[in-house]
Amino acid sequence: MFGANPEEHYANKPLTLNGESIGILPPNNRYACDQWQERVMEIPAAALKAIAGDNTLTIANCGGDCFKFCQAILAVQLADGTWVESNCDGTVYCTGGAGWPHFEGTLFQDKSPEVKLSLPVQHPQ
1130 MFGANPEEHY ANKPLTLNGE SIGILPPNNR YACDQWQERV MEIPAAALKA IAGDNTLTIA
1190 NCGGDCFKFC QAILAVQLAD GTWVESNCDG TVYCTGGAGW PHFEGTLFQD KSPEVKLSLP
1250 VQHPQ
């Protein structure tokens, strides 16, 4: 995550997984906003049913903030306590356009393109 302002006006960046709301994107640290920072969020228990083998993640930009994200990953803890991770989408998705000094990658405005995240699933033989 880069440039995701924590100020109230900009902070509303809802995430959806397979069309299901899973929460608000955690912002960057106020004092290091324009630096790349790893952000992790837990999916609420009520939204866990949205997780599938093939998933699409979107981030909305309700406050009109200039920010970018990349390297999205979905990690899931299984019943036996082990973790599995999806592929890593390395595309940089960015708002703000050429007028923002930190612009790069794939431009979006109100809502990001669908980020495809596939979990390694075993199918019965």
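Note that our numbering has the sequence shown beginning at 1130, numbered continuously upward.
Quick reminder that beta carbons are idealized off the backbone N, C-alpha and C, glycines included.
C-alpha gap between residue i and residue j, whole angstroms
| i | j | result |
| --- | --- | --- |
| residue 1201 | residue 1189 | 15 Å |
| residue 1164 | residue 1182 | 32 Å |
| residue 1148 | residue 1185 | 8 Å |
| residue 1230 | residue 1208 | 45 Å |
| residue 1240 | residue 1160 | 26 Å |
| residue 1193 | residue 1245 | 24 Å |
| residue 1162 | residue 1139 | 12 Å |
| residue 1218 | residue 1243 | 11 Å |
Bridge-paired residues (DSSP) for residue i
| i | result |
| --- | --- |
| residue 1143 | 1153 |
9 Å Cβ cutoff met for residue i and residue j
| i | j | result |
| --- | --- | --- |
| residue 1178 | residue 1132 | no |
| residue 1213 | residue 1249 | yes |
DSSP state of residue i mapped onto helix, strand, coil
| i | result |
| --- | --- |
| residue 1176 | helix |
| residue 1104 | As shown, the chain starts at 1130 and ends at 1254. That puts residue 1104 outside it, with no answer to give. |
Nonlocal neighbours in the same chain, by C-beta distance under 8 Å from residue i, ignoring five residues either side
| i | result |
| --- | --- |
| residue 1143 | 1150, 1152, 1153, 1154, 1188, 1189 and 1191 |
| residue 1234 | 1197, 1199, 1220, 1221, 1222 and 1223 |
| residue 1180 | 1146, 1147, 1172, 1203, 1205 and 1248 |
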